[in-house]
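One structure is given here, and the rest of the page talks about it.
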Amino acid sequence: MTTFVLVHGAWHGSWAWERVTPILLAAGARVVAPDLTLDRDVGLRHHVDEVVTAIDATAGDELVLVGHSYAGLVVRQAADRRPERVAHLVLVEGWAGPDGAGLAQLAPDWFMAAMRANAGDGWCVPAPAPESFGITEPGEARRLERRLRGQPLRTFTEATRLNGAVDRIPGTGVHCRPATFPFAWFAAELGYRDIALDGPHDVMLTDPRSVADVLLSCTTTPATP
């Protein structure tokens, strides 16, 4: 059996996968979707620790580790610490780079300038408007706005720490069209299989079936619906 560990991106929670999860369960998989801590003094390494804990808590199933957006950095570092447990990595519109490259090094200068300005003298970056994630339908936008949370600035400024083990794990990169950031390029630089989906950055909310189909294609264990 396959276990999918689904890790949400910045400002989100485990609820980001609530429309994908039933499809994976119906296909006979297990799903773990941790809620990353979004508190003062939390940085990238804390989120990596939380995902490693989730990995360690799974049974001996085939494990597919999935990260959306910012969590691309989280899951790659977690996989680097547990390479023997991760069969496949999936980045859904995910940030990724080499050792030492955190989001502050990968994102455009204007992005980090905006994050620091929005945080002001504090630790928390308030959530952007739903439109920033490509969610424009009024009802869906209101629903998303109610659920988004502030993100610790340190999660953006801390660099990744990789030993290189993660580069031996096969991976898939999902990028959405129209493109917002060079997610396809990040995946290509890592040698990952590249898949394009039509949809917004939060495609797991707008087209969960397509996202689930991609995830299921990354397993070697046959589905048993």
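Using the working numbering, read the sequence shown as starting at 167 and increasing by one per residue. Beta carbons: idealized from backbone N, C-alpha and C, even for Gly. Note that this is a predicted model, so its numbers are computed, not measured.
Alpha carbon of residue i to alpha carbon of residue j, nearest angstrom
i	j	result
L191	E184	11 Å
L310	P296	6 Å
G305	A345	24 Å
A325	G209	10 Å
A220	S376	25 Å
P264	R343	25 Å
R242	C384	16 Å
N- and C-terminal bounds of the alpha helix (DSSP H) containing residue i
i	result
G305	P304 to R313
E250	Element bounds for E250: n/a, residue is neither H nor E.
F299	Looking at the DSSP string, F299 is not in any alpha helix (DSSP H), and its letter there is neither H nor E.
V380	P374 to S383
D275	D275 to A285
A270	L269 to L272
Under 8 Å between C-beta atoms of residue i and residue j
i	j	result
L352	A262	The residue asked about is misnamed: residue 352 is Phe in this sequence, not Leu. Contact flag set, yes.
A392	E228	Outside the modelled stretch of the chain, which goes from 167 to 391, sits residue 392, for which no answer is possible.
S213	L202	What sits at residue 213 in the sequence shown is His, not Ser. Cβ distance < 8 Å, so H213 and L202 count as in contact.
Residue i beta carbon near the ligand NAD (any heavy atom closer than 7 Å)
i	result
R248	Ligands in the displayed structure: none, and consequently the ligand NAD is not present.
Host beta strand (DSSP E) of residue i (start-end)
i	result
V232	E228 to H234
V173	T168 to V173
How about the region 318–325 and the region 273–282: do they share at least three Cβ pairs that are nearer than 8 Å?
yes
Whole alpha helix (DSSP H) runs in the region 317–372 with 4 or more residues, listed along the chain?
320–323, 349–356 and 369–372
Fully enclosed by the region 188–213, which beta strand (DSSP E) runs are 3 residues long or longer?
196–198
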